[in-house]
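So the structure is just underneath, and the comments pick up after that.
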Ligand code: GLU
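Numbering (the working numbering), first residue to last: 18 to 526.
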């Protein structure tokens, strides 16, 4: 038998912004596809019209692009199995629901929402939960409990009805999950799920199985929350006669909160101050804005690297992986069964690793929007050199400005703590003498400036540390930054002298 071509899909519902757990699901699908020379599909599961959120699909696509996951087939670049939005595939599903009715594996149910509410309430009053299943279905209004003629009449009159799956009572459904191993379910404990709704739309279960079949999906890799749906899906493949082309399933572990029990939620992010979405999102209804990793200054490479290690490991000590490298070594065998704890501090660490090793030209490109917003004239400034000098000190692109502003602008204030500690009474006099001395330096180079300052400090016995801290405060406005003489060389003689003078005039002890 020839090996089946690997085809996987990421199948989000456009009900809001994509959570980072969703991005991880997409990533594991993508990596698995690339590792196995397969295709990565994007299918938009938008059959639930009541939960549709405008902008969510575009957000999902933009997020995948930002992360560097190329979609082989999807709504924007359809392949042969389109359309890739379930709302546009509406006509496809009905025949399969009818096929199941025909074979006796599904049935029409005419119970109105009010009738269903009434049975539920009656059960609740008796402290019971109502389940539409083998035990109750014969007391409900459906094509199993009603006369054939009556059913036909209702159908002919187009009375609203749904199609439900007739869950067998005598079946144990088993499967070998590629992550969890053998899984087993008793069908008798499951309910008769709606497959096809009164509005002419399939439910998630039917649409998902039909599309995976028609799109020739070989592996379904999805979140653990879908494991309870697995027996129904397996039975659907069986009853539709598609067992031979049924995909293999892999259910990914949950992403856990940084502390405590349970699944990572948006609330954890709000509470502990980290984003849970890849990109910033504005809720179209409330206008509320949720933070995104991109806008918070994370690099997609770092974000992806962090996500890859949430539930997967290479089996080595290595922690830094490029997406290409991950595509070569990823395997489902190394995905863990137990939940993976999210660590926001480690996420920052990953970003630091990437930001501090980014090449200078790329850093300048990412810095450009800030420079433009600050109206900085960089015409005669070697910005590449500047970012190169500070990149070790930053974890986020948006820290670049604070670390480099003094290269572009004179300080407008002086860090009061540093002033208190370093700007001793005699200092303004020393700084004035240093200013006069370095004004004579002809070749304005770090080493020459340093030599002049050192000679003066030594001859006057002022103490090098005291002077360096004072000069730094005058030039930078605080107690930080790279080599001071290099800063002086870059900002130029005139600017250096002006800053020393300004400091002497303006710093109040
Ligand atoms: N539409 C489902 C979701 O939103 C897809 C689940 C699956 O991959 O089967 O996650």
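Heads up, the beta-carbon is just placed ideally off N, CA and C, and yes, glycines get one too.
{"Query": "Contacting residues, own chain, Cβ-Cβ under 6 Å from residue 319 (five flanking each side not counted)", "Result": "367, 368 and 371"}
{"Query": "Nearest-angstrom Cβ-Cβ length linking residue 160 and residue 124, presumed shorter than 8 Å", "Result": "5 Å"}
{"Query": "Residue 199, enclosing beta strand (DSSP E) - first and last residue", "Result": "198-203"}
{"Query": "Proximity of residue 271 and residue 283 at Cβ, strictly below 8 Å", "Result": "no"}
{"Query": "Pair within 8 Å by beta-carbon distance, residue 209 and residue 149", "Result": "yes"}
{"Query": "Residue 18 versus residue 266 - alpha carbon distance", "Result": "Legend: pLDDT at residue 18 = 49, less than 50; position of this residue unreliable, no value from coordinates given."}
{"Query": "Beta carbon of residue 466 nearer than 8 Å to that of residue 458", "Result": "yes"}
{"Query": "Pairwise C-alpha distance: residue 359 and residue 427", "Result": "41 Å"}
{"Query": "Minimum C-alpha distance to residue 290 - residue among 362, 424 and 235", "Result": "362"}
{"Query": "Distance cut-off 7 Å: residue 415 Cβ against heavy atoms of the ligand GLU", "Result": "no"}
{"Query": "Own chain, CB closer than 6 Å to residue 227, minus 5 neighbours either side, in chain order", "Result": "110 and 113"}
{"Query": "Continuous alpha helix (DSSP H) stretch holding residue 41: start and end", "Result": "37-52"}
{"Query": "Any alpha helix (DSSP H) of 4 or more consecutive residues that is wholly inside the segment 435-481", "Result": "444-455 and 463-477"}
{"Query": "8 Å contact criterion, which residue 439 and residue 490 should meet: CB distance rounded", "Result": "6 Å"}
{"Query": "Cβ-heavy atom distance, residue 254 to the ligand GLU, below 7 Å", "Result": "no"}
{"Query": "Terminal residues of the beta strand (DSSP E) in which residue 115 lies", "Result": "First-last for residue 115: 107-119, but that is the alpha helix (DSSP H), not the beta strand (DSSP E)."}
{"Query": "Whole-number beta carbon distance between residue 91 and residue 59, since they are thought to touch under 8 Å", "Result": "3 Å"}
{"Query": "heavy atom of the ligand GLU below 7 Å from residue 30 C-beta", "Result": "yes"}
{"Query": "Residue interval of the alpha helix (DSSP H) (run including residue 337)", "Result": "Element bounds for residue 337: n/a, residue is neither H nor E."}
{"Query": "According to DSSP, residues forming a beta bridge with residue 329", "Result": "352"}
{"Query": "Outcome for residue 20 when other beta-carbon atoms lying within 10 angstroms are tallied against a minimum of 16", "Result": "exposed"}
{"Query": "One or two residues paired with residue 534 in a DSSP bridge", "Result": "Any answer about residue 534 is impossible in this case: the structure gives the chain only from 18 up to 526."}
{"Query": "Identified DSSP bridge partners for residue 76", "Result": "Bridge partners of residue 76: none, in fact."}
{"Query": "Alpha-carbon spacing of residue 88 relative to residue 27, whole angstroms", "Result": "10 Å"}
{"Query": "DSSP-derived helix/strand/coil call for residue 515", "Result": "helix"}
{"Query": "7 Å Cβ shell around residue 519 - same chain, five flanking residues per side excluded", "Result": "427"}
{"Query": "Residue 234 beta carbon less than 8 Å from that of residue 192", "Result": "no"}
{"Query": "Rounded Cβ spacing between residue 126 and residue 168 (contact assumed at less than 8 Å)", "Result": "Wrong, their Cβ atoms sit about 10 Å apart, outside the cutoff."}
{"Query": "Which of helix, strand or coil DSSP assigns to residue 221", "Result": "helix"}
{"Query": "Supposed contact pair residue 268 and residue 197 - C-beta distance, whole angstroms, cut 8 Å", "Result": "6 Å"}
{"Query": "Environment of residue 276 [buried if 16+ CB atoms lie within 10 Å]", "Result": "exposed"}
{"Query": "Own chain, CB closer than 6 Å to residue 511, minus 5 neighbours either side, in chain order", "Result": "none"}
{"Query": "Candidates 354, 355 and 336, of which the one nearest residue 346 by Cα", "Result": "336"}
{"Query": "Residue of 190, 205, 22 and 495 minimising C-alpha distance to residue 430", "Result": "495"}
{"Query": "Own chain partners of residue 423 with C-beta closer than 8 Å, once the 5 adjacent residues on each side are dropped", "Result": "492, 493, 494, 498, 504 and 508"}
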